[in-house]
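So the structure is just underneath, and the comments pick up after that.
Residue numbers (the working numbering): 19 to 320.
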């Protein structure tokens with residue numbers, strides 16, 4: 019393990035061991051302080067965040083983009099402070115920490131026994147939403163995690179999410195799709211963060227007026243298993259409570275090839291994500307390249 023990998027692993031370990039012991043107001047202030055310091059340094063992640071916000075809020079002035087990126091970093095650090103503290107939250111704190119709208123789309127789908135795929139973008143705190151599902155709804159679910167380096171850091175994330183009641187599968191290896199399909203055919207729940215393609219073989223969509231690629235997995239799982247596909251968007255307000263919305267189901271088209279159906283369904287998913295992101299852009303934590311034009315290193319800022 020390299021020195022950088024050891025440092026990253028130790029840093030996250032410190033977060034989970036120390037931040038969760040802090041009183042909540044102290045953790046909130048610490049997160050905001052770290053966010054503001056990172057924003058002032060204007061490193062690669064902050065510049066990329068602003069470049070992404072420029073797509074979401076076309077015509078925004080440099081001053082407006084700077085305001086958004088500062089709010090975005092504060093939202094991002096709120097996610098981390100909450101995530102470090104989630105294992106220490108009581109069941110009642112988890113239940114009170116998230117209030118979703120239109121939950122009936124999920125509960126009715128599960129009651130019908132057909133299986134449900136929840137697909138989310140990188141908005142607010144998807145881990146808190148997951149903990150709420152396992153705690154408030156008492157519904158276990160399966161998800162997929164990107165393999166991180168070093169391996170010890172990936173293991174930390176898996177242990178953290180499993181501690182919140184999630185079944186976690188590695189993104190790589192090829193076996194995840196089959197396991198997810200089995201869970202859905204058994205009437206289970208699958209939750210996937212699905213606004214960024216990690217395979218470079220995803221589906222091209224129109225996203226805020228430009229081409230991007232998103233994973234085909236949610237649409238393919240719905241087609242293969244008959245599961246309900248539900249987009250979910252999340253956001254923060256000025257309270258300690260996270261808000262969210264379960265969007266109406268994305269139906270499998272009645273005709274067309276598998277590729278054509280997947281394309282239409284993934285575009286519908288992208289449209290639902292875009293609606294949520296446009297309403298709360300500061301809560302979209304996309305500090306990486308997303309649009310195809312930016313995936314060419316010769317184009318756009320880092």
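No residue lacks a Cβ here, since even glycine has one placed at the ideal position from N, Cα and C.
Please identify the residue among the options whose C-alpha is closest to the C-alpha of residue i.
i	options	result
residue 65	271, 44, 204, 91	91
residue 114	104, 122, 221	104
residue 122	229, 194, 250	250
residue 226	78, 94, 293, 240	293
residue 158	141, 140, 198	198
residue 145	162, 52, 69	162
Less than 7 Å between C-beta atoms, sequence neighbours within five positions excluded: which residues of the same chain meet that for residue i?
i	result
residue 299	71, 74, 75, 86
residue 57	64, 87, 88, 91
Should residue i go down as buried or exposed, given a rule of 16 or more other Cβ atoms within 10 Å for buried?
i	result
residue 213	buried
residue 101	buried
residue 311	exposed
residue 317	Summary for residue 317: the model assigns pLDDT 44, below 50, so the residue's position carries little reliability; its value from the coordinates is reported in the next sentence. By the 10 Å Cβ count, residue 317 comes out exposed.
residue 81	exposed
residue 120	exposed
residue 255	exposed
residue 301	buried
residue 224	exposed
residue 307	buried
Identify every residue that forms a DSSP beta bridge with residue i.
i	result
residue 142	Per DSSP, none; premise fails for residue 142.
residue 261	117, 253
residue 231	222
residue 239	Per DSSP, none; premise fails for residue 239.
From the DSSP output, in three-state form, read off residue i for me.
i	result
residue 75	coil
residue 270	coil
residue 137	strand
residue 304	coil
residue 95	helix
To which residues of the same chain is residue i closer than 8 Å at the C-beta, ignoring the five residues directly before and after it?
i	result
residue 278	271
So, for residue i: in the same chain, excluding its five sequence neighbours on each side, which residues have a beta-carbon less than 6 Å away from its beta-carbon?
i	result
residue 97	143
residue 285	223
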